[in-house]
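Note sheet for the following structure.
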Amino acid sequence: MNNPFIITGRYVAPEFFCDREKETGELVSNIENWRNTVMISLRRMGKSGLIYHVFNKDVIKEKYETFFIDIYDTSSLEEFVLKLSKEITARLQHKGERFFEKFVSIVNSVKIGFAQNPLTGQPEMDFSLTDAKFSSKTLEQLFEFLEGAEKPCIVAIDEFQQIAEYGNAQKDIATLRTFVQGCKRTRFIFAGSNRRMMGKLFHTPSEPFFMSCSPIMLEAIEKEKYADFVLKHFNANNRQIQKETVNYVYEMFEGHTWFVQYVFNRLFEMYDGRTLTIGDANCAINYIIDIFAPIFQEIYMGVSERQKELLYALAKEGKTSSPTSVDFIKKYNLRSASAVQGALKPLAEEETISSMDGSYFITNRFYSMWLAMRHNL
Numbered sequence: 057m058n059n060p061f062i063i064t065g066r067y068v069a070p071e072f073f074c075d076r077e078k079e080t081g082e083l084v085s086n087i088e089n090w091r092n093t094v095m096i097s098l099r100r101m102g103k104s105g106l107i108y109h110v111f112n113k114d115v116i117k118e119k120y121e122t123f124f125i126d127i128y129d130t131s132s133l134e135e136f137v138l139k140l141s142k143e144i145t146a147r148l149q150h151k152g153e154r155f156f157e158k159f160v161s162i163v164n165s166v167k168i169g170f171a172q173n174p175l176t177g178q179p180e181m182d183f184s185l186t187d188a189k190f191s192s193k194t195l196e197q198l199f200e201f202l203e204g205a206e207k208p209c210i211v212a213i214d215e216f217q218q219i220a221e222y223g224n225a226q227k228d229i230a231t232l233r234t235f236v237q238g239c240k241r242t243r244f245i246f247a248g249s250n251r252r253m254m255g256k257l258f259h260t261p262s263e264p265f266f267m268s269c270s271p272i273m274l275e276a277i278e279k280e281k282y283a284d285f286v287l288k289h290f291n292a293n294n295r296q297i298q299k300e301t302v303n304y305v306y307e308m309f310e311g312h313t314w315f316v317q318y319v320f321n322r323l324f325e326m327y328d329g330r331t332l333t334i335g336d337a338n339c340a341i342n343y344i345i346d347i348f349a350p351i352f353q354e355i356y357m358g359v360s361e362r363q364k365e366l367l368y369a370l371a372k373e374g375k376t377s378s379p380t381s382v383d384f385i386k387k388y389n390l391r392s393a394s395a396v397q398g399a400l401k402p403l404a405e406e407e408t409i410s411s412m413d414g415s416y417f418i419t420n421r422f423y424s425m426w427l428a429m430r431h432n433l
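Numbering-wise (our numbering), the sequence shown opens with residue 57 and increments by one.
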């Protein structure tokens, strides 16, 4: 029996996708009415799942060619271009030899070869640029190819804020904006999890992408809708769980999608014929934290003493809107407002700490709970 609570981050099927009806409708509307989209949410809130869910809709997959790239692990425009090249060829290679002939004739600065996958031993396509100095020219050629495709194209770029870390970030962002603006048949979805940086890129007047996209802010799924989703899947598989248990888990993680899903994934596996209770939920959560404990220990040991003190305080507080306030500093015996600010900045930049609605909290909810348990809170 397959576990219906998917935690791999990949889209499986509509029946395993919970709600997001409003956001789905908005994204489809943006595509159909030729509006580019900027989607912003916390990490692990379900951005990529929503995008794949929309791509799977008949109204989209029958009328458009869809492409998805995650640029979190890229560090240059060259790597961005190669990822986009690989995605385009992977999605369209079923069209056969004519497709490759057209691709090579237009995108002539990309070399396509074959290499052996070091893990599987199987041959796979290998991409390189004839000259990395002309990455922007290659990007222009890729967009030209997309514009000439049989169907209009949709390009989703996940973790888009990473482009701000490129060595020539300002130039690369301006170049990309110029090419995007020149597209008449291709639409774009820019998704990101760093709210501060995504806000800067799309809502600061001095930035090239200022007010260029229709925004979607992805928040937690409503509790009642998520509870209905959980109960439906447990019932469909002849398993029982108390609704108060479902609500308890949701509230503990404030509806943060991946963390809630992970707990129900474990609870579904744990079912032994009894109706699952809050006690069972706590057992599942403790089990998950034990699994991740060695990793959390490594992370914790890798930060400064001042950062440890701040993480400890946030784990105990849960969240705070004023980490540099006198009251917060005094309550947790922190050193000073400047020390807190100095610890907060790198932790926020690395997304160990996030902010939402003016409050700061530890992004990884399990890590926060581990910290609390470690200090016997």
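Yeah, the Cβ is synthetic: ideal placement off N, Cα and C, and Gly gets one too.
Rounded to a whole number of angstroms, what is the C-alpha to C-alpha distance between residue i and residue j?
i           : j           : result
residue 194 : residue 249 : 27 Å
residue 433 : residue 110 : Bear in mind that the predicted position of residue 433 carries a pLDDT of just 48, short of 50, making it unreliable; the figure below should be weighed with that in mind. Spanning the two alpha carbons is a distance of roughly 43 Å.
residue 351 : residue 396 : 25 Å
residue 287 : residue 80  : 22 Å
residue 266 : residue 113 : 30 Å
residue 326 : residue 409 : 31 Å
residue 390 : residue 423 : 20 Å
residue 421 : residue 163 : 44 Å
residue 169 : residue 123 : 21 Å
residue 384 : residue 189 : 50 Å
residue 270 : residue 86  : 7 Å
residue 386 : residue 237 : 51 Å
residue 180 : residue 174 : 10 Å
residue 177 : residue 89  : 45 Å
residue 129 : residue 285 : 33 Å
residue 358 : residue 64  : 27 Å
Are the beta-carbon atoms belonging to residue i and residue j less than 9 Å from one another?
i           : j           : result
residue 276 : residue 425 : no
residue 191 : residue 268 : no
residue 233 : residue 205 : no
residue 6   : residue 165 : Because the chain spans 57 through 433 in this model, residue 6 falls outside it and cannot be assessed.
residue 321 : residue 62  : yes
residue 210 : residue 116 : yes
residue 337 : residue 301 : yes
residue 252 : residue 404 : yes
residue 235 : residue 196 : yes
residue 198 : residue 140 : yes
Assuming the contact rule is C-beta atoms closer than 8 Å, residue i and residue j should be a hit. Round their C-beta distance to whole Å, please.
i           : j           : result
residue 323 : residue 366 : That belief does not hold up - the Cβ atoms of residue 323 and residue 366 are roughly 32 Å apart, past 8 Å.
residue 207 : residue 120 : 6 Å
residue 427 : residue 388 : Not confirmed; about 12 Å, so no contact.
residue 264 : residue 230 : 5 Å
residue 96  : residue 274 : 7 Å
residue 379 : residue 416 : 5 Å
residue 83  : residue 213 : The pair is not a contact, with the Cβ atoms about 14 Å apart (cut-off 8 Å).
residue 319 : residue 341 : 6 Å
residue 183 : residue 227 : About 23 Å; that fails the 8 Å criterion.
residue 215 : residue 127 : 6 Å
residue 362 : residue 398 : 7 Å
Going by C-alpha to C-alpha distance, which of the options sits closest to residue i?
i           : options            : result
residue 297 : 335, 228, 65       : 335
residue 59  : 402, 359, 294      : 294
residue 244 : 150, 398, 78, 93   : 93
residue 67  : 98, 148, 383, 314  : 314
residue 98  : 304, 247, 364      : 247
residue 431 : 130, 373, 261, 129 : 373
residue 105 : 140, 69, 91        : 69
residue 202 : 181, 329, 159, 223 : 159
residue 429 : 254, 354, 349      : 349
residue 332 : 360, 290, 358      : 290
residue 360 : 402, 339, 176, 381 : 402
The stretch 121-139 / the stretch 209-227 touching (three or more Cβ pairs under 8 Å): yes
At least 3 beta-carbon pairs within less than 8 Å: the stretch 63-82 vs the stretch 273-290: yes
Cβ contact check for the stretch 294-311 and the stretch 345-356: 3 or more pairs under 8 Å: no
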